[in-house]
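Counted the way the numbering used here counts, the sequence shown spans residues 30 to 253.
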Amino acid sequence: MVHQMMDLHIHSVYSDGNAHIEDIVRHASRIRLKIIAITDHCSKTYTYVGGRMLNPDVAMERAEVISEVNSRYNNIVVLNGIESDIDGGIVVFPRGLKKDFFDLVIGSIHKSVSAKVWYQWSLSAIRSGNIDVLGHPFSYVRENIPFEMVEEVLIELADHNVAFELNMSYGLPPEDVLLLCKEYDVPVSVGSDAHSLFNVGMVDAGFSVAKKFGLRIIRPQKRY
Ligand SMILES: [Zn+2]
Ligand SMILES: [Zn+2]
């Protein structure tokens, strides 16, 4: 099945993953993935995990490594992705770099927040035009989110063509959310959120559920 050839959320040694990009690509190619995104954290708060990527020199070095592997592997496309924190509603990028430096930007909340803050930060990130994917959408909310807030965020995702992530490490969303994604034609992105080689490509459950609910799966390309 063509869709199972993608994994759009993978961490490398440039943040808290334990595999080098070269090893990730060799492994992904071997298991016949066709498109992968290396999406290291960029964070102001978690300085060890994501702080390195705040430094534009590090982000540029990583982009060069990705570009170099792309030139050697002709059966797989490796996207220069990033998982940027949504912090205070702001999408965090390496200093001086903008969204268009990356092929794929996942925006994720990594702080425990109330439903109201989740709603405000999510809308702010989606409307900013700075993200392609809303990462593991409900995972750091410390209380039940009112259904109307979920619905409004999904509508906003559809309006801005930002994908709802089916993140395999955090589990799939409830069925009513999947039904709304279908109803509003919200695009979806599937990623393992792998932090080790073993989990790269573990995306089957996401693709099965997307197929079952008839969801529109994004298929990003390299920008350059
Ligand atoms: Zn995350
Ligand atoms: Zn992640």
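Just so it is clear, CB atoms sit at the ideal spot from N, CA and C, and this is done for glycine as well.
Worksheet item: When you compare only the Cα positions, how much space is there between Lys-140 and Gly-164?
Response: If you take the alpha carbons of Lys-140 and Gly-164, they lie about 13 Å apart.
Practice prompt. Taking only heavy atoms of ligand 2 into account, decide whether any of them is closer than 7 Å to the Cβ of Glu-268.
Written response: Since the first residue shown for the chain is 30 and the last is 253, residue 268 is missing from the structure and cannot be characterised.
Practice prompt. With a cut-off of 8 Å on the beta carbons, I'd call Ile-174 and Ala-144 a contact; round off their distance for me.
Written response: 4 Å
Practice prompt. Mind reading off the beta-carbon distance from Ile-105 to Ile-65? Whole number of angstroms is fine, and I expect it under 8 Å.
Written response: 7 Å
Worksheet entry | With 16 other Cβ atoms within 10 Å as the buried cut-off, status of Tyr-253 | exposed
Worksheet item: Under 7 Å from any heavy atom of ligand 3, does the C-beta of Thr-74 make it?
Response: Although ligand 3 was asked about, the structure shown includes only ligand 1 and ligand 2 as ligands.
Worksheet item: Rounded to whole angstroms, how far is the Cβ of Asp-214 from the Cβ of Arg-248, which I believe are closer than 8 Å?
Response: At roughly 16 Å, the Cβ-Cβ gap does not stay under 8 Å, so Asp-214 and Arg-248 are not in contact.
Practice prompt. Please check the pair Asp-161 and Leu-133, which I expect to be a contact at CB under 8 Å, by giving their CB distance rounded to whole angstroms.
Written response: 5 Å
Worksheet item: If we ignore side chains and look at the alpha-carbon of each, how far apart do Glu-90 and Asn-103 end up?
Response: 21 Å
Worksheet item: How about the region 54 to 65 and the region 76 to 90: do they share at least three Cβ pairs that are nearer than 8 Å?
Response: no
Worksheet item: If Arg-81 and Tyr-43 are in contact, beta carbons under 8 Å, what's the gap, nearest whole angstrom?
Response: That belief holds up - the Cβ atoms of Arg-81 and Tyr-43 are roughly 7 Å apart, short of 8 Å.
Fill in: In DSSP terms, what Gly-220 is bridged to
Asn-196
Worksheet item: Taking 7 Å as the cut-off, is the CB of Asp-132 close to at least one heavy atom of ligand 2?
Response: No, Cβ of Asp-132 sits at least 7 Å from all heavy atoms of ligand 2.
Fill in: Per-residue burial, Asn-196 [other beta carbons within 10 Å of its own, 16 or more giving buried]
buried
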